[in-house]
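Numbering (this note's numbering), first residue to last: 8 to 105.
Here a beta-carbon is modelled for each residue, glycine too, at the ideal position from N, C-alpha and C.
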């Protein structure tokens, strides 16, 4: 790490915080990507966070949401299959027999 200290204006900090809140990466990953120390990013988050109640995405939270999504997709597929079976049954039983 160089001895030169970088200085950022408030607009840059606000845009960076907005970017952090929109990403699904961890602060550490974004710090490496942006070449800004993670401690600095955490300070900016505390000061400039636009959605105070919304946590910064953590890897664990992302995995949990992905698991929930897969579960819901499976439920949707099961319901679609059940609906197809019911439609076939209605079709079969609604046709008069000769």
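Quick check: what's the CA-CA separation for residue 77 versus residue 83?
Their Cα atoms are separated by approximately 10 Å.
What's the gap between the Cα of residue 101 and the Cα of residue 93?
12 Å
Whole angstroms are fine: how far does the CA of residue 80 sit from the CA of residue 56?
33 Å
Taking 8 Å as the threshold (C-beta atoms), are residue 27 and residue 34 in contact?
yes
Tell me the rounded alpha-carbon separation between residue 22 and residue 87.
If you draw a straight line from the Cα of residue 22 to the Cα of residue 87, it is about 43 Å long.
Just to confirm the assignment, what range does the alpha helix (DSSP H) spanning residue 104 have?
Careful: residue 104 lies outside any alpha helix (DSSP H) and carries neither H nor E.
Residue 69: buried (16+ other C-beta within 10 angstroms of its C-beta) or exposed?
exposed
Using a Cβ-Cβ distance cut-off of 8 Å, determine whether residue 94 contacts chain B.
The structure shown has no chain B; it contains just one protein chain.
Can you look up residue 74 in the DSSP assignment and give me helix, strand or coil?
Helix.
Measuring only the C-alpha atoms, how far is residue 15 from residue 74?
Each residue's Cα considered, the two are about 38 Å apart.
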